[in-house]
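Notes for the one structure printed next.
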Amino acid sequence: MLAVGIVTEVFGPHGAAVPGFDFALCSDRPGPVPTDCGVPLAVPHGLDRFAGADLLIALPGAGFREPPAPAVLDALRAAHARGAVVAAHCVGTFALAAAGLLTGRRATTHWRFAGLLADRYPDVTVDPDALYIDDGDVVTGAGAAAGFDLCLHLLRREYGAALANAVARDMVLPSHRDGGQAQYLAAPVPGNGQDERLAEVLGWAREHLHEPLPVTELARRALMSRRSFARRFTAATGTTPHAWLRDLRLSRAEELLEATDLPVEEIARRVGYGSAAVLREQFVRRRGVPPRAYRRAFTGTP
913 MLAVGIVTEV
923 FGPHGAAVPG
933 FDFALCSDRP
943 GPVPTDCGVP
953 LAVPHGLDRF
963 AGADLLIALP
973 GAGFREPPAP
983 AVLDALRAAH
993 ARGAVVAAHC
1003 VGTFALAAAG
1013 LLTGRRATTH
1023 WRFAGLLADR
1033 YPDVTVDPDA
1043 LYIDDGDVVT
1053 GAGAAAGFDL
1063 CLHLLRREYG
1073 AALANAVARD
1083 MVLPSHRDGG
1093 QAQYLAAPVP
1103 GNGQDERLAE
1113 VLGWAREHLH
1123 EPLPVTELAR
1133 RALMSRRSFA
1143 RRFTAATGTT
1153 PHAWLRDLRL
1163 SRAEELLEAT
1173 DLPVEEIARR
1183 VGYGSAAVLR
1193 EQFVRRRGVP
1203 PRAYRRAFTG
1213 TP
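Every letter in the sequence shown is one number past the one before it in the numbering used here, and letter 185, counting from 1, is 1097.
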């Protein structure tokens, strides 16, 4: 039921500011489907909905150790062959492997079952640590809440950072997490009373991204030593101050590339990088493309 809730929340309605998706739950046998929380789920659609889908996500289920019905495997193969993006997270990855869609590819699944996936499908390179793996037309994700990472990545890849960030904010989630499955949730700003000073400092940092923002300055504003600040920061957010600032700068750069015609040099200055070359290096390393290519992909302009 968690997996159903994740995809429904990400691709469901989020108000007028976010375009809606034609979302449907499908099964080879439409009707009530038992769930792990004891409440049956009404699945109204059959495999015929696969025919027009741009994206299919195979969800995890208790029977993943057995291959899906032949009709399901055939439908997955046919959708992939006609150009649909096929994805899965957690043990839903086993369905894609059974359909032969992961042959010769890298893939991930819940860390607990990564060894089983590798043993059963030796032609698949299984990465047990990745939160998700994007192989273009086939995308796989890790277990449980990493389904959010997978879905938000798909939004970001197809529609840009602004939409992914808007959906993430609506769900009170970080729009992007670096790291592997061992990483726990990296909250953008901690929210408990003990870390009120820390939250204020991080809010201030968001408004001053154009400045260098060394850790020593953040610690001073939090009235802590550098070591205490780093320890409290990691405990509250699940990441380091350096990584948090880097991700914040890159997310802001994405938004400016999508929504403005500012030169890359000016965007680099506004998000706190000393030059366009530094922004480009970080962008290529973390996003896989240079800033100008990213802008062209979402705006059609250089």
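C-beta atoms are modelled at their ideal positions from N, C-alpha and C, and glycine is treated no differently.
The structure presented is a predicted model; accordingly, all values stated were derived computationally and were not measured.
It is roughly 31 Å from the alpha-carbon of ARG1144 to the alpha-carbon of ILE1045.
Counting along the chain, no beta strand (DSSP E) covers HIS1120, and no H or E run does either. When DSSP states are grouped into helix, strand and coil, TYR1033 belongs to the coil group. In this structure, the beta-carbon distance from LEU1066 to ALA1054 does not fall below 8 Å.
Inclusion of PHE1006 and ALA987 in the CB contact set at 8 Å is not warranted, their separation being larger than that value. Secondary structure at CYS1002: helix, using DSSP grouped into helix, strand and coil. Counting along the chain, LEU1162 sits inside the alpha helix (DSSP H) bounded by residues 1153-1171. Here the C-alpha atom of VAL1051 lies approximately 7 Å from the C-alpha atom of ALA1000. Assignment of alpha helix (DSSP H) within the stretch 951-1032, counting only whole runs of 4 or more residues, yields 982-993, 1005-1010 and 1026-1032 in chain order. In the three-state reduction of the DSSP assignment, CYS938 falls in the strand class. In the structure shown, the three-state DSSP call for GLY1059 is helix. Per DSSP, ASP1046 is one residue of the beta strand (DSSP E) stretching across 1044-1046.
Judged by beta-carbon spacing, ALA996 lies beyond the 8 Å limit of LEU1028, meaning their Cβ atoms are not closer than that value. Here the alpha carbon of GLY924 sits roughly 42 Å from the alpha carbon of THR1128. Within the same chain, and ignoring the five residues on either side of ARG1198 in sequence, the residues whose Cβ sits closer than 7 Å to its Cβ are LEU1162. DSSP places VAL1176 in the helix class (H, G or I) of the three-state scheme. For VAL919, the three-state secondary structure derived from DSSP is helix.
The Cβ atoms of GLY1186 and LEU1125 lie no closer than 8 Å to each other.
Residue nearest to GLU1070 within the set HIS926, LEU914 and ARG1208 is ARG1208 (criterion: CA-CA distance). For GLY1115, the secondary structure class from DSSP, reduced to helix, strand or coil, is helix. For PHE935, the number of other beta carbons within 10 angstroms of its own is below 16, and it is reported as exposed. When secondary structure is reduced to three states using DSSP, VAL1084 falls in the coil class, being assigned neither helix nor strand. About 6 Å separates the Cβ atoms of VAL1079 and HIS926, confirming a contact at the 8 Å cut-off. In the three-state scheme derived from DSSP, where H, G and I count as helix and E and B as strand, PRO944 is classed as strand.
Selection GLY932, ALA954, ASP1035 and PHE933 evaluated against PRO942 yields ALA954 as nearest (Cα-Cα). Exposure of ARG1118 is indicated by the presence of fewer than 16 other C-beta atoms within 10 angstroms of its C-beta. Relative to the Cα of ALA1165, the nearest Cα in the group GLN1194, SER1137, HIS1154 and VAL1084 belongs to GLN1194.
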